[in-house]
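The numbering used here puts the first residue of the sequence shown at 11, with every later residue one more than the last.
Report on the following structure.
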Amino acid sequence: MGEEVELAVLFADVVGSTRLYERMGDQRARDMVALCIDVMRSATEHCGGTVIKTMGDEVMATFPSAEAALNAAAQMQKQISAHTQLRVEASRSR
Numbered sequence: 011m012g013e014e015v016e017l018a019v020l021f022a023d024v025v026g027s028t029r030l031y032e033r034m035g036d037q038r039a040r041d042m043v044a045l046c047i048d049v050m051r052s053a054t055e056h057c058g059g060t061v062i063k064t065m066g067d068e069v070m071a072t073f074p075s076a077e078a079a080l081n082a083a084a085q086m087q088k089q090i091s092a093h094t095q096l097r098v099e100a101s102r103s104r
C-alpha cells in the first residue's frame, strides 16, 4: 500500500449564476463567471492548492491543509467581491 496523504478538498461556485445570466445576458454573464473562475484559480494557487477541475461555474481544488483551503476561500470571496463592485460601478458610469 502507498503512503497516506492528508489533504483538504474545496468546492467553490458562483452563487446565483442562473440569475446572473437572466439579468446580464449570456455574454456578460459568461465574462463575469470566467473572471470569478480566474480569481478562484489564482487564490487556489496562491494558497498552495491545486485546481483539480472546473465545472461550469465551479472549481474543485485540493490543499495540503484545511487552513490553506480556508485561506483560499476567504481570498476568493474578498477578491470576487472587489471585482464585482468595480464592474457594477463601471457599468453605472456608462
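C-beta atoms are modelled at their ideal positions from N, C-alpha and C, and glycine is treated no differently.
> Going by Cα to Cα distance, which pick from M34, A92, C46, V15 is closest to D23?
Replying inline: What you label residue 23 is simply residue 13 of the sequence shown in a count that begins at 1. Answer by Cα proximity: C46.
> Is DSSP giving E16 helix, strand or coil here?
Replying inline: As a position in the sequence shown, residue 16 is number 6, starting the count at 1. Coil, per DSSP.
> Any heavy atom of the ligand ATP closer than 7 angstroms to the CB of L45?
Replying inline: Of ligands this structure carries none, so the ligand ATP is not represented either.
> Looking at C-beta atoms only, is the number of pairs between the stretch 83-90 and the stretch 58-65 that lie closer than 8 angstroms three or more?
Replying inline: no
>> Since M86 and M50 should fall inside the 8 angstroms C-beta cutoff, what is the C-beta to C-beta distance between them, to a whole number of angstroms?
In response: Here residue 86 is taken as the residue at index 76 of the sequence shown, counted from 1. Here residue 50 is taken as the residue at index 40 of the sequence shown, counted from 1. Confirmed, Cβ separation roughly 5 angstroms.
> My guess is that L17 and P74 are in contact by the Cβ rule of under 8 angstroms, so how many angstroms apart are they, rounded?
Replying inline: For the purposes of this step, residue 17 is taken as residue 7 along the sequence shown, with counting starting at 1. For the purposes of this step, residue 74 is taken as residue 64 along the sequence shown, with counting starting at 1. Contact holds; Cβ gap of about 6 angstroms.
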